[in-house]
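Trainee: Numbering (the working numbering), first residue to last: 26 to 335. In this text, a Cβ means the ideal position worked out from N, Cα and C, and glycines have one as well. I'd like to ask you about the structure that follows.
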């Protein structure tokens, strides 16, 4: 039994396994019953289309039963503590998937007080299963991660943070973050990525596209207003001018094989143009599929405590 609260809790081999397993589970015709008769709880206190559905579908396809809790379904709203909730759910479930958009410490509190695995399906600072889906999509496209260069454009949000940690844990994978001034990563994220990579991490951050060197294998962006949370500056959109991914932007950094990634949902015309999101380079819809295979890989790994051959 093991939890996945943050990618910083993993080593390179563990992350590599989870990605490889997700690639395997995404192949046509693959069937697995590794979670037969297990029970998975899915607690989302915030809205979700892909992540909530992908965990339900992934658990079901592995043979598990699942129950979904909305923001008002648990007694947390009446004052029950996280530790007490965790102790009770441990008696019914084999794993609990949690999205709160709140502090990651809340999930650690759940994990520490629960005799069951806890999976972070998005906190205020990290989205680990999204990064596993991202890497899975890149491996499926190119065959490996070593030697690849990903350009992540936009805000240094929870998805980008998870991708930075994942890149640091993946030998040979280069990640360039291109963020508007004032909307990048706090210093501790890059410092932690450096520690994770034991001095070999290829994670850099810039504010100007002219600072990006070489062509890239994948251009990645997210919606600029994460989870619909309002930004402090009412004029924040001005800072993001020039960061929209359109054909002109792509032409500055792309080669013929470069693909486009987006963790979705997209605000069309804002962070990405329709012709890019729906174009031949786009792998955003396959990336959404791999949210399910990543969920399957993580649930299987956490609940069974074993690694399956591919």
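#1: Starting from residue 109, trace the alpha helix (DSSP H) both ways and give me its first and last residue.
#2: Work out the CA separation of residue 182 and residue 175 for me, nearest whole Å.
#3: What first and last residue would you give for the beta strand (DSSP E) that runs through residue 69?
#4: Give me the Cα-Cα distance between residue 307 and residue 272, rounded to the nearest whole angstrom.
#5: Excluding the 5 residues flanking residue 184 on each side, which residues of the same chain have their C-beta closer than 6 angstroms to its C-beta?
#6: Tell me residue 145's beta-bridge partners as DSSP assigns them.
#7: What are the start and end residues of the alpha helix (DSSP H) that includes residue 311?
#8: Does the Cβ-Cβ distance between residue 264 and residue 207 come in under 9 angstroms?
#9: Take residue 98 as the anchor and find which of 81, 68 and 118 has the nearest alpha-carbon.
#10: Going residue by residue through the stretch 136 to 220, where are the continuous beta strand (DSSP E) segments of at least 3 residues, counting only ones entirely within it?
#11: Taking the beta strand (DSSP E) that residue 242 falls in, what are its first and last residues?
#12: Can you look up residue 236 in the DSSP assignment and give me helix, strand or coil?
#13: Rounded to whole angstroms, what's the CA-CA distance from residue 279 to residue 240? Just pull it up for me.
#14: By the DSSP assignment, the beta strand (DSSP E) with residue 285 in it spans what residues?
#15: According to DSSP, which residues form a beta bridge with residue 227?
#16: Closest to residue 36 by C-alpha separation, out of 47, 162, 191 and 249, would be which residue?
#17: Count the CB pairs spanning the stretch 82 to 94 and the stretch 58 to 74 that are closer than 8 angstroms, and state whether there are at least three.
#18: How many angstroms separate the CA atom of residue 160 from the CA atom of residue 284?
#19: Kindly examine the ligand MG and report whether one of its heavy atoms sits closer than 8 angstroms to the Cβ of residue 273.
#20: Report the three-state DSSP secondary structure of residue 90 (helix, strand or coil).
#21: Once DSSP output is grouped into helix, strand and coil, what is the label at residue 102?
#22: Can you check whether the CB of residue 244 is closer than 9 angstroms to the CB of residue 323?
#23: Where do the N-terminal and C-terminal ends of the alpha helix (DSSP H) with residue 39 fall, by residue?
#24: Based on DSSP bridge pairs, tell me the residues matched to residue 270.
#25: On the three-pair Cβ rule with 8 angstroms, is the stretch 126 to 137 touching the stretch 26 to 42?
#26: Counting Cβ pairs closer than 8 angstroms, one from the stretch 42 to 55 and one from the stretch 103 to 111, do we hit at least three?
#27: Can you check whether the CB of residue 76 is closer than 9 angstroms to the CB of residue 147?
#28: From 204, 186 and 93, pick the residue whose C-alpha is nearest to that of residue 219; which is it?
#29: Suppose contacts are defined by Cβ-Cβ distances below 9 angstroms. Is residue 228 in contact with residue 203 by that definition?
#30: With C-beta atoms as the reference, is residue 46 less than 9 angstroms away from residue 321?
#31: Does DSSP classify residue 60 as helix, strand or coil?
#32: How about residue 305 and residue 286: do their beta carbons lie closer than 9 angstroms?
#33: For residue 29, which residues does DSSP report across the bridge?
#34: Look at the alpha carbon of residue 158 and the alpha carbon of residue 124, and state the distance between them as a whole number of angstroms.
Mentor: According to the structure data:
#1: If you number the chain shown from 1, residue 109 lands on position 84. Where residue 109 is concerned, the enclosing alpha helix (DSSP H) starts and stops at 107 to 114.
#2: Sequence index remark: in the chain shown, residue 175 carries index 150 (1-based). Sequence index remark: in the chain shown, residue 182 carries index 157 (1-based). Residue 175 and residue 182: Cα-Cα distance of roughly 16 angstroms.
#3: Against the chain shown, residue 69 aligns to sequence position 44. From DSSP, the beta strand (DSSP E) with residue 69 extends over 64 to 69.
#4: Numbered from its first residue, the chain shown carries residue 307 at position 282. Numbered from its first residue, the chain shown carries residue 272 at position 247. In this structure, the straight-line span from the alpha carbon of residue 307 to that of residue 272 is close to 12 angstroms.
#5: The sequence position of residue 184 within the chain shown is 159, counting from 1. Around residue 184: 152, 155, 247 and 288.
#6: Position 120 of the chain shown, counting from 1, holds the residue named residue 145. DSSP output for residue 145 lists 123 as bridge partner(s).
#7: Position 286 of the chain shown holds residue 311. For residue 311, the uninterrupted alpha helix (DSSP H) segment begins and ends at 309 to 329.
#8: Taking the chain shown and counting its residues from 1, the one referred to as residue 264 is at position 239. Taking the chain shown and counting its residues from 1, the one referred to as residue 207 is at position 182. Yes; because the gap between Cβ atoms is below 9 angstroms, this pair is in contact.
#9: The residue you call residue 98 lines up with position 73 of the chain shown. The candidate whose alpha carbon is nearest that of residue 98 is 68.
#10: Within the stretch 136 to 220, the complete beta strand (DSSP E) runs of at least 3 residues are 143 to 145, 174 to 178 and 199 to 203.
#11: As a first step, residue 242 is located in the chain shown; it is residue number 217 there, counting from the start. Note, residue 242: beta strand (DSSP E), 241 to 246.
#12: Position 211 of the chain shown, counted from the first residue, corresponds to residue 236. Looking at residue 236 - three-state DSSP - the assignment turns out to be helix.
#13: Position 254 of the chain shown, counted from the start, is the residue given in the question as residue 279. Position 215 of the chain shown, counted from the start, is the residue given in the question as residue 240. For residue 279 and residue 240, the gap between their C-alpha atoms comes out near 5 angstroms.
#14: As a position in the chain shown, residue 285 is number 260, starting the count at 1. Annotation for residue 285: the continuous beta strand (DSSP E) segment containing it runs 279 to 287.
#15: Numbered from its first residue, the chain shown carries residue 227 at position 202. Under DSSP, residue 227 forms a beta bridge with 199.
#16: As a working mapping, residue 36 is identified with position 11 in the chain shown. Put simply, of 47, 162, 191 and 249 the residue whose alpha carbon is nearest the alpha carbon of residue 36 is 191.
#17: Yes: the two stretches touch, three or more of their Cβ pairs being nearer than 8 angstroms.
#18: If you number the chain shown from 1, residue 160 lands on position 135. If you number the chain shown from 1, residue 284 lands on position 259. Using only the alpha carbons, I get a separation of about 13 angstroms.
#19: Looking for the ligand MG in the displayed structure turns up nothing, as the structure carries no ligands at all.
#20: In the chain shown, residue 90 corresponds to position 65, counting from 1. Three-state DSSP puts residue 90 in a strand.
#21: Here residue 102 is taken as the residue at index 77 of the chain shown, counted from 1. Looking at residue 102 - three-state DSSP - the assignment turns out to be helix.
#22: Counting from 1 along the chain shown, the entry for residue 323 is found at position 298. Counting from 1 along the chain shown, the entry for residue 244 is found at position 219. Result no, Cβ atoms of residue 323 and residue 244 do not sit closer than 9 angstroms.
#23: Locating residue 39 in the chain shown gives position 14, where the first residue counts as 1. Unbroken alpha helix (DSSP H) run through residue 39: 37 to 50.
#24: By 1-based counting over the chain shown, the position of residue 270 is 245. The partner list for residue 270 (beta bridge, DSSP) reads 297.
#25: Two segments are said to touch when three or more pairs of C-beta atoms, one from each, lie closer than 8 angstroms; by this definition the stretch 126 to 137 touches the stretch 26 to 42.
#26: At 8 angstroms Cβ cutoff, the stretches do not touch.
#27: Your numbering for residue 147 matches position 122 in the chain shown. Your numbering for residue 76 matches position 51 in the chain shown. Taking 9 angstroms as the Cβ cut-off, residue 147 and residue 76 qualify as a contacting pair.
#28: As a first step, residue 219 must be located in the chain shown, where it is residue number 194. Among 204, 186 and 93, the Cα nearest to that of residue 219 belongs to 186.
#29: Start at 1 with the first residue of the chain shown, and residue 228 comes out as number 203. Start at 1 with the first residue of the chain shown, and residue 203 comes out as number 178. Against a cut-off of 9 angstroms, the Cβ pair of residue 203 and residue 228 comes out as no contact.
#30: Your numbering for residue 46 matches position 21 in the chain shown. Your numbering for residue 321 matches position 296 in the chain shown. Cβ atoms of residue 46 and residue 321: closer than 9 angstroms.
#31: Here residue 60 refers to the residue found at position 35 when the chain shown is read from its first residue. Correct three-state label for residue 60: coil.
#32: For the purposes of this step, residue 305 is taken as residue 280 along the chain shown, with counting starting at 1. For the purposes of this step, residue 286 is taken as residue 261 along the chain shown, with counting starting at 1. Result no, Cβ atoms of residue 305 and residue 286 do not sit closer than 9 angstroms.
#33: As a working note, residue 29 is residue 4 in the chain shown. Note: residue 29 sits in a beta bridge opposite 144.
#34: Indexing the chain shown from 1 puts residue 158 at position 133. Indexing the chain shown from 1 puts residue 124 at position 99. When rounded, the distance between both Cα atoms is 17 angstroms.
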